[in-house]
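What follows is a single structure, written as structure tokens, with notes after it.
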Amino acid sequence: MENMHALSQILLFPILGALIIAMTPKEKTDSIKQIALGAMVYPFIITLIVYLKYDTNAGGMQFSEYIPWVTDLGVAYSLGVDGLSLPMLMLTEIIGITSVFSSWYQEKRTKEFFVLLLVLIAGVTGTFVACDLFIFLLCYELVVIPIYIMVLIWGSTKRVPKEYAGIKLTIFLLMGSAFMLVGIVAIYLSAYPEGMRTFDLEKLVLSSRLGYLSSDFQIFAFFLLLMGFGSLLSMFPFHSWSPDGYAGAPTAVSMIHAGVLKKIGGYALIRLGLMVLPLGAKFWAPLIAVLAMMNVLYAAYIALVQKDLKYIIGYSSVSHMGYVLLGFAALNPVSLSGAVGNMVAHGIMASLFFSQIGYVYERTHLRSVPELRGLSHQMPNVSLGFMLAGFASVGLPGLIEFVPEYTIFVGSFGVYPVISVLAISGVVFTALYILRMLAKAIFGPRSVKFDKYHDAKGFETAPLVFLGFFLVILGLFPELFMGVIRSGITPMTPMLEKIADAPTIVDAVIRYVGIGGGLW
Amino acid sequence: MFDFALQSAWLIPLLPAIAFAVIGLGTRQNKQLSAKIAIAAISVSFVLAWSVLGAVLTNNITVEAPFIAKTVWTTIGKIELAMGMLIDPLTVVMLTVVTTVALLVEIYSLGYMAHDPGMGRFYAYVSLFVASMLGLVLAISFFQMYVFWELVGLCSYLLIGFYYYKVSAREAAKKAFITTRIGDFGLLLGIIMLQIYVGTTDFAELQLQLPHYIDVSGTGMLTLIAFLLFIGPIGKSGQFPLHVWLPNAMEGPTPVSALIHAATMVVAGVYLIARAFFLFNQIPIVLEFIAWLGAFTAIFAASIAITQRPMKRILAYSTISQLGYMMMALGVGSVTASMFHLMTHAFFKALLFLGAGAVIEAMHEEADIFKMGGLKERMPVTCKAMTVGVLAIAGIPPLAGFFSKDEILAAALEHNFFLFLIGSITAFMTSFYMARLLFVAFYGELKDDCPAEETNDFMRYPLVILAGLSVVSGIWGHFFGFGEWVRFGAPVHEGINFFVAFSSVVLAAAAIWLAYAIYVEKRWSAHGLAARWGIFYNLSYNKYYVDEFYVIVRYYGCFVVARILYWIDLNIIDGAINMLAKLTGAVGGTLNRAHCGSVQAYVICFYGGAILVMGYALIYAYKVLSMAGGAF
Amino acid sequence: MIDLQKAFELVVNIGLPHCLLLSAVLFSIGLFGLLTRRSIIAVLMCVELMLNAVNINLVAFNRFGSMPDHAGQLMAIFGIVVAAAEVAIGMALAIKLYRERNTINVDELDELKG
Amino acid sequence: MNELISFANEATKLLHWIIDFVLNFAVNLGVPNLINAGVFYGIGGVVILMALGVILFRNIVHSALCLTGSFIALGCLYIFLSAEFLGAVEIMVYGGAVAIIIVMGIMLIKRDDMSHSNPGRGVVAHIAAGIVSAFFFVSMAAAVIMSPFGELGEYKLADSVTGLADLMLTKYIVPFEVAAVLLLMAMVGAIIIAKGREADEA
């Protein structure tokens, strides 16, 4: 497998599929769908094989590929996966294939839809397998365009027009990429003297480890990255795109965006922010922790009064990202593995939610909780999906979210006790809004107006079966993904111990205000 | 056989779990088959559980030397999260009680649920519940306990909301889950702090490390942890002020009320404290708190139960009251009394609930006891079983409640006289309202339009068996050394404290006589009494307005704050971003005017720019050249 | 005083600067026409003038430059090729435009207006 | 006869001497440069006048005529700059083909009154254009004048046809091919654009 270019296959197969679809006549919608499915099934299987073959004992980058590209700039087509990116890659493929399933009845401009969808998936995949920052940026930018077009053409207008939603989503994505670009270029320029410069991640990490990046520079550059990736991860107060965007976007885009695209923010914060700029990460960590707590509570509160299903899940995802940020901010191996695990868990959960909402909306053209009543009478399978995702969201043991959440709490409590307590109280609010939604939309008396809609049957249950399977299996056997994540986090332990005593923003403020150690 | 059962005790929770999976994925449409699968699974678990009891008795497994087997579930950082089984007498009591009651309830449900289209679903949920509950019982660590603690909460939610098309059931389920969730939040916090400060949540390891930890760090943090841990039981076991969900939980099918909300799940809190008593025992202040809160809950709930009218609600408040009793027993330091009462209570309360279910079904879903009457003639077996149950809970010797309640009261008396007093008053009230229930519903005049008839066999035999257990379990426990076996600390065989026994029997008899006088002989008018004690009657009848208080808290604490935050989100945070966008738009609009559309204007601009660049280049070149020695 | 002899020589000894100046004059005339004419055909003609001015430069540098080959002329030929292509397409567009809009005036074409 | 011959010789010698003398005199006076200058300024003057004609005539046919004249004069200039082949190409391609294309275009478009067929824009546009082009000229001229071209060698170049052919078919073969493709594409494109939609024809 090492020499079979597995990662290239995973990355390029969807693009190949997109090309083939582009050459297929647009009337042949069935063939288009089959090609799209094929273009996702193959990489999914390869990813599964890679996942199972990954040697967690050895750890580190495996399945690496390296082809020099622009040697003058130090750019190379360099791919590889480690314990951090492999779960995210697996997640991407799971959600990618499911998004094809749940777009199966997309009748409007089928051809263009699937071309864009496959390009989108390829872009997201690329960000996770790239070992070269240039490739990373390239793939990230590749993602923006399809999203905008897809929201505009296949989106839906509810509280805000879909054009507004689309532009908001895109602007925030681009804003993220602008900050990120500046940050990455700054790192690129500072890491090595001219002539030795490189975009290669491992070399940048090495440079940081050798002390080429000064503390002040790290603080500055990390701030840029935090703005970029933070807004991508819907960090408070840059979260407002998330509910609006999801509400406007078509099902598949919501699934991919909430499921994986958002996670690029968290992934890159760890991969780039923490590994290359550890001192910067340490400096800003208390601020991130406070914002994370705001994320959790504030978004959970707001989700409580939402009426639109997609808004509830949108705010819910903002709330869950707060846990990820909290896990990041605590900066210890336990909390970090929890953060990565939570990203995986939330990805599967959120896309299950969105696929079920998409099914209901496709049939009834309703998303408002007060109008949807007693759906479980007509749609038991869809209701099962809602309940699975809902209880996973509540953090019920046996479903995927529990172990990562517990891990984050254990990891962060020792570092930020007060913030953690507040964040943990989020589990109560999560239960409040999720159960409120379930109670109103799913349970209750039968409403006759839905009798004409049939339940998800046969192929329509594919997203539920597929995501539900992972939701339960990874919940019952968390070692399946937590083990891989651990192999990615453990090598960072010495670095984390080294920065444990580095100054933070709190120290800086204390010094600035001039209150000496005596008072504190 | 016994050794095999001990080694394979993990099968006890696994079999119902498999039954859940099979029913849920395959046979839920087929009612009879689903029921058979579930009952088969629980029967095997039942046999295994009793075999484990045998194993514990023969293999000399005691509280000090439990049988532990575990496997690593997952690892976070360096912390290994293990799952496994810890078997000691405490576990065995719970195992046998849970499997026995569950088996009887599942058989009873064959009759009770026969006409419900959701019977397959019912058996799936019940199987999942039994599996989770048994997992909880076998837990080796706080962590494992929390995992299954949440799962039983889920099952409780699903089963309360079993009639999901009823708005009241749906709301009750939500309320139950969220109220217990508040407790779980405290429990989770406690467990996390235990993990961080002590380093483990494993019971056996904790027991070893705790003295050392206290030597090093004192009990300050441990007090906080113990308080937080106790919040979980407050929610789950319906202690004041988180008891509000339990009466509403009666919206579920009656067998569920019997199994989950009377006999097993709600006592999980008691079990947790008993299991971790080595921890609580280190911190007397928490124990004191537990005792007083338990006592308060007991008398509080009993005082509500006196005036309630629906049969199941009376029983629900009775459950809360009895749980308070158990908590009080724990608080005064008597694990034995608490667990003993837990066991006997499980039997007679399940009996009462199942009987109530039979009655309510016979009355076509009419639950108000004042609309019943004279059922003794129509349902003789049920009536006899119910009478046994009532006498048992009232503490009439030699029924089960007498022994267990006496043990609690004796322990309380040893600890603090006021606790004993509260306990005794509660016992009096309990006897009164249970007798009231019995007299109003079963004795008195038969109403003309009463549709009730004797129940079918499936429902009758479990009642009889439970009645039998309610009679004998107390005697067994008392005379065959329950106290030597299930205990904390040194084994003490407490004899009957005759002062306590005498006073409680007198009180119980007086209460029953009082109920008889009011409701059968009509010596005093119930209405007249209610009118005379109007304030107390209203307070009690309206459950001290706790529910209303929660509604207000929920409305102002959650929804009003949430609306304010949403307004902030829309108008301030989003507003700032939109403002930024508008500003950009305005700047762009201004610049836009330069785009007049004339190509030639663009060309002018282009060449103007080119001239500027060239001019700059020329000036620069001129400087360079003049430095080099003359331009021309 | 101006050295008359030297000034005379400067004017009479034709060299690179003279050609470049001629090219500059031609280019500027073309530019002026480009900016002032309304007819698209006239604009096109002015563009041709500017292109030719460029070609003068190329040839002049080739003639007076330091490389003894014909590369400059070759570039001029390529320029001519491109200009020919450009004029063909430009005329086609102008005709098309006239058919569609019945005008060839540049100032009436303001689709670019933002 | 001998005398006659010797006279002739003498006369020839004299003639040679006179010619030598005149030539020497002319060279000493700088006459070749003068001729060069005369030719250059003559051609340059024609080019510039014709170019001015292009932009100043009101009748677009006259403009086109001037353009052609300007191209032909430029062709002469190229020949003067010893780029004979290029001069021929210029006259043939620009003076012939391009001029014809433009005239054909004019014919296809303007059929009515030709006297005001080449209108100008307003005064403001003229002033702006004048300023821009004047500045542009000044900056270019300044650049030319400031540049120290120094003594540039004058090489005796080979025959320009041979030299161009050598380069075109060896070193610059790829641009040559590309130019060929470009022309082809331009031709096809021009046809398609000018031809219009199917619907128009139908």
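So the protein sequences, as listed, match chains A, B, C and D. Per our numbering, the first sequence runs over residues 1 to 520. Per our numbering, the second sequence runs over residues 1001 to 1632. Per our numbering, the third sequence runs over residues 2001 to 2114. Per our numbering, the fourth sequence runs over residues 3001 to 3202. Glycine is no exception: its CB is placed at the ideal position from the N, C-alpha and C atoms.
Counted as a single uninterrupted DSSP element, the beta strand (DSSP E) harbouring A/S78 occupies residues 75-81. In this structure the segment 497-509 of chain A does not lie against the segment 1002-1021 of chain B, because fewer than three pairs of beta carbons, one per stretch, are closer than 8 angstroms. A straight-line Cα-Cα distance of about 19 angstroms links B/M1133 and B/V1022. For B/E1377, the enclosing alpha helix (DSSP H) starts and ends at 1375-1378. Close partners of C/V2106 in chain B (Cβ separation under 8 angstroms): S1598, V1599, Q1600. In the same chain as D/F3080, and ignoring 5 residues on each side of it, the C-beta atoms closer than 7 angstroms to its own belong to V3039, F3040, I3043, in chain order. Within the DSSP secondary-structure output, B/K1070 pairs in a beta bridge with B/G1084. When CB distances to chain A are screened at a threshold of 8 angstroms, the residues of the segment 1556-1574 of chain B falling below it are C1558, F1559, V1561, A1562, R1563, L1565, Y1566, D1569, I1573, D1574, in chain order. Under the 10 Å beta carbon count, B/G1528 is surrounded by fewer than 16 other beta carbons and is classified as exposed.
Scanning its chain for C-beta atoms nearer than 6 angstroms, with the 5 sequence neighbours on each side dropped, one finds around B/G1024 the residues A1124, in chain order.
About 39 angstroms separates the beta carbons of B/I1160 and B/E1064, which is beyond the 8 angstroms limit, so they are not a contact pair. Put simply, the CB of B/M1627 is far from chain D, with every gap to its CB atoms at 9 angstroms or more.
For a Cβ distance threshold of 7 angstroms, nothing in chain D lies close to C/D2003: the least Cβ distance comes to about 16 angstroms. Rounded to the nearest whole angstrom, the CA to CA distance from B/P1451 to B/Y1146 is 45 angstroms.
Contact between A/L84 and A/V410 fails: their C-beta atoms lie close to 20 angstroms from each other, not under 8 angstroms. When B/W1533, B/Y1317, B/N1281 are compared, the shortest CA-CA separation from B/F1240 is found for B/Y1317. Residues of chain C with a Cβ closer than 8 angstroms to the Cβ of D/A3190 are, in chain order, A2088, I2089, M2091, A2092. Ranked by how close their Cα comes to the Cα of C/R2038, the residues D/H3116, D/A3194, D/L3182, D/A3165 have D/H3116 in first place. Bridge partners of D/G3120 according to DSSP: C/R2037. For B/I1306, the secondary structure class from DSSP, reduced to helix, strand or coil, is coil. Per the C-alpha coordinates, the member of D/L3065, D/V3144, D/A3194, D/Y3094 positioned closest to C/A2083 is D/Y3094.
Counting other Cβ atoms within 10 Å of its Cβ, A/H377 reaches 16 or more and is therefore classed as buried.
Among the CB atoms of chain B, none fall inside 9 angstroms of the CB of A/Q378.
Residue A/S103 holds the alpha-carbon nearest to the alpha-carbon of A/G155 among A/M321, A/L326, A/T127, A/S103. Against C/L2031, the close residues of chain B are V1603, Y1607, in the order they occur along the chain (beta-carbon pairs closer than 9 angstroms). For B/G1235, the CB contacts under 7 angstroms within the same chain, skipping 5 residues up- and downstream, are T1179, T1180, I1182, G1183, D1184, L1242 in chain order.
A straight line joining the alpha-carbon of B/E1521 with that of B/L1514 spans about 10 angstroms. Below the 7 angstroms Cβ cutoff, chain B contributes I1573 as neighbours of A/P237, in chain order.
Taking B/V1105 as the centre and dropping the five residues before and after it, the same chain places the C-beta of P1255, A1258, L1259 closer than 6 angstroms to its C-beta, in chain order. When DSSP states are grouped into helix, strand and coil, B/T1099 belongs to the helix group.
Annotation: the continuous beta strand (DSSP E) that includes A/Y66 extends over 62-70. The contact set of A/S393 on chain B, defined by CB atoms closer than 8 angstroms, is empty, because the minimum CB distance reaches about 13 angstroms. Taking CB atoms only, B/G1615 has a neighbour in chain D less than 9 angstroms away. Taking each of B/P1211, B/M1094, B/L1342, B/G1333 in turn and checking the Cα distance to B/W1292, the smallest one comes out for B/G1333.
In the assembly as shown, B/Q1029 is an exposed residue. Its beta-carbon has fewer than 16 other beta-carbons within 10 Å. For the segment 1135-1152 of chain B, the beta-carbon criterion of a distance under 7 angstroms to any beta-carbon of chain A is satisfied by V1147, E1150, L1151.
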